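One structure is given below, encoded as structure tokens.
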Amino acid sequence: MDNLKKTSFLLFNLLALCSAKCFSQQKDSLYRATSDSLNIRKKAVAYVADKFAFTRPLNIEFIQTAPYKFTSEKGPNAIPESKVNHIRQADISANFNFIKRKTWLLGATAGYRYTSLNTDLSLPTGAIKTVDEDYHYLFSALTLTYFSKLFNKRTIYTSSISGDGSDRHFERVKGLLTATMVLKANQRTRLMVGMLVNIDPSAQTPFIPTFSYEHKFNNGLIADIVLPRNIYLRKYVFNNGRLSLGTELDRTSFYVYDLDGTSQRYEYRQLDLNSGLVYEHLLAKYFVLTAKTGMKLTTSGRLFRKEDSFGDPVFQTSPDPTFYINLGVSFNPFSFLVRKNKTH
1 MDNLKKTSFL
11 LFNLLALCSA
21 KCFSQQKDSL
31 YRATSDSLNI
41 RKKAVAYVAD
51 KFAFTRPLNI
61 EFIQTAPYKF
71 TSEKGPNAIP
81 ESKVNHIRQA
91 DISANFNFIK
101 RKTWLLGATA
111 GYRYTSLNTD
121 LSLPTGAIKT
131 VDEDYHYLFS
141 ALTLTYFSKL
151 FNKRTIYTSS
161 ISGDGSDRHF
171 ERVKGLLTAT
181 MVLKANQRTR
191 LMVGMLVNID
201 PSAQTPFIPT
211 FSYEHKFNNG
221 LIADIVLPRN
231 IYLRKYVFNN
241 GRLSLGTELD
251 RTSFYVYDLD
261 GTSQRYEYRQ
271 LDLNSGLVYE
281 HLLAKYFVLT
291 AKTGMKLTTS
301 GRLFRKEDSF
311 GDPVFQTSPD
321 PTFYINLGVS
331 FNPFSFLVRK
341 NKTH
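Under UniProt numbering, the first residue of the sequence shown carries the number 1, and numbering increases by one thereafter.
Here's what the structure looks like:
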């Protein structure tokens, strides 16, 4: 079996580079007690915000999707309506910046997604074929981030070399370049614009503009927009919790083999819009428990030959919207190291 089980490369998402800022303290000698109480609350909220904002070194998620129906096309031919009985997924990802300097940092990302799929597929003859398969998708990336100034504005550049595959074969090597300019950054508002260049023959769109906006309203609500990744309205609750309402973009990919009795390799790629509620809870300073639920809208699902692109499918699906639930836990083991070093 290939060495892919041990090493492979891919970038999934580097569109947002965010850092949390603490609320400023307000002093009033006439109302010192009231001011101190407010400052304590602000510090607590800022502490939780800091824990939620940074990239999480280790993340595990479990996703369950309700049954749904879909129509499909094979080339120019329409196929009768079929049904997905279940999709179960498990995600594991790790992120670590192992070299940090004043103007640059070098980091790595690695991950694995397991997909269990059970489908009653309608054939053109009218017969129904039950497909019950498990798919394994692996990815990792090496990313260099550089901090500089352009037109007197803070600008962040990233370059990544990445790749992906399955438990059977290493498949693709890819590249990604991004540039993000910080137009505004203060205690209440952050505004960034940029460009993403996707060096991937299978990508339908090599150039993607990016936009990031965060604003803290007086009532405690936070607008968090990172395009094309997510749009959320957030609120910190219960001292250690955060509740969000909005939409995020997700992608499911896996490679398919032995489909037509030949050595041809295929990739199935599906883009989803997950809309609903997200609740995150900080536990014991180092863990973040996450629950997501709502409606999943699949904008496109396509099967294409490995040497082709997403825009040249041999089979494509149009699923109905369906209900989903996502449960996850994130862990920051490096907090223990930082704390231990400070004690020496």
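Backbone N, C-alpha and C fix where the C-beta goes; we use that ideal spot for every residue, glycine too.
Being a predicted model, the structure only gives us computed values, none of them experimental.
Measuring CB atoms only, is the segment 321 to 328 touching the segment 296 to 312, in the sense that at least three cross pairs come out at less than 8 Å?
Cβ pair count under 8 Å is three or more, so yes.
Closest to SER275 by CA distance: which of ALA141, ARG229, TYR137, SER309 is it?
Your numbering for residue 275 matches position 275 in the sequence shown. In terms of CA proximity to SER275, ARG229 leads the group ALA141, ARG229, TYR137, SER309.
In whole angstroms, what separates the C-alpha of residue 346 from that of ASP120?
Nothing about residue 346 can be read from this structure; the chain reaches only from 1 to 344.
Of all the options ASP260, ASN152, THR158, ASP167, which has the alpha carbon lying nearest to the alpha carbon of TYR135?
Indexing the sequence shown from 1 puts residue 135 at position 135. Between TYR135 and the set ASP260, ASN152, THR158, ASP167, the nearest pair of CA atoms involves ASP167.
Mark LEU10 as exposed unless 16 or more other C-beta atoms lie within 10 angstroms of its C-beta, in which case mark it buried.
Translated into the one-based positions of the sequence shown, residue 10 becomes position 10. Caution applies to LEU10, whose pLDDT of 31 falls short of 50 and renders its modelled position unreliable; the model cannot decide the point.
In the DSSP output, what is GLN204 paired with across the bridge?
As a position in the sequence shown, residue 204 is number 204, starting the count at 1. None; GLN204 has no bridge partner.
Taking the beta carbon of PRO313 as the centre, do at least 16 other beta carbons fall within 10 Å, making it buried, or is it exposed?
For the purposes of this step, residue 313 is taken as the residue at position 313 of the sequence shown. Buried, because 16 or more other Cβ atoms sit within 10 Å of the Cβ of PRO313.
What is the DSSP secondary structure of VAL314, reduced to helix, strand or coil?
As a working note, residue 314 is residue 314 in the sequence shown. DSSP places VAL314 in coil when its eight states are reduced to three.
Pairwise C-alpha distance: THR125 and ALA291
Looking up residue 291 in the sequence shown gives position 291. Looking up residue 125 in the sequence shown gives position 125. Spanning the two alpha carbons is a distance of roughly 42 Å.
Nearest-angstrom Cβ-Cβ length linking PHE139 and SER160, presumed shorter than 8 Å:
Position 139 of the sequence shown, counted from the start, is the residue given in the question as residue 139. Position 160 of the sequence shown, counted from the start, is the residue given in the question as residue 160. About 11 Å separates the beta carbon of PHE139 from that of SER160, a gap too long to meet the 8 Å contact definition.
What does a CB cutoff of less than 6 Å around GLU73 pick up in its chain, not counting 5 residues either side in sequence?
As a working mapping, residue 73 is identified with position 73 in the sequence shown. Answer for GLU73: GLN316, listed in chain order.
One question on the structure: do LEU58 and SER244 come within less than 8 Å of each other, judged by their Cβ atoms?
The count along the sequence shown starts at 1 and reaches residue 58 at position 58. The count along the sequence shown starts at 1 and reaches residue 244 at position 244. Not in contact: LEU58 and SER244 (Cβ atoms no closer than 8 Å).
When you compare only the Cα positions, how much space is there between TYR114 and THR130?
Locating residue 114 in the sequence shown gives position 114, counting from the first residue. Locating residue 130 in the sequence shown gives position 130, counting from the first residue. Their Cα atoms are separated by approximately 20 Å.
Which residues in the same chain as ILE225 place their Cβ atom closer than 6 Å to its Cβ, once the five residues preceding and following it in sequence are excluded?
The residue labelled residue 225 in the question sits at position 225 within the sequence shown. So the list reads TYR213, ILE231, once near-sequence residues are dropped.
Tell me the DSSP secondary structure of PRO124 in three-state form.
Residue numbering aside, residue 124 sits at position 124 when the sequence shown is read from its first letter. In the structure shown, PRO124 sits in coil (DSSP, three-state: anything other than H, G, I, E or B).
Quick check on DSSP: helix, strand or coil for THR169?
For the purposes of this step, residue 169 is taken as the residue at position 169 of the sequence shown. The sequence as given places His at residue 169; Thr does not occur at that position. Residue state, collapsed to three classes: coil.
Mapping the DSSP letters down to three states, classify PHE238 as helix, strand or coil.
In the sequence shown, the residue the question calls residue 238 occupies position 238. PHE238 falls in the coil class under three-state DSSP.
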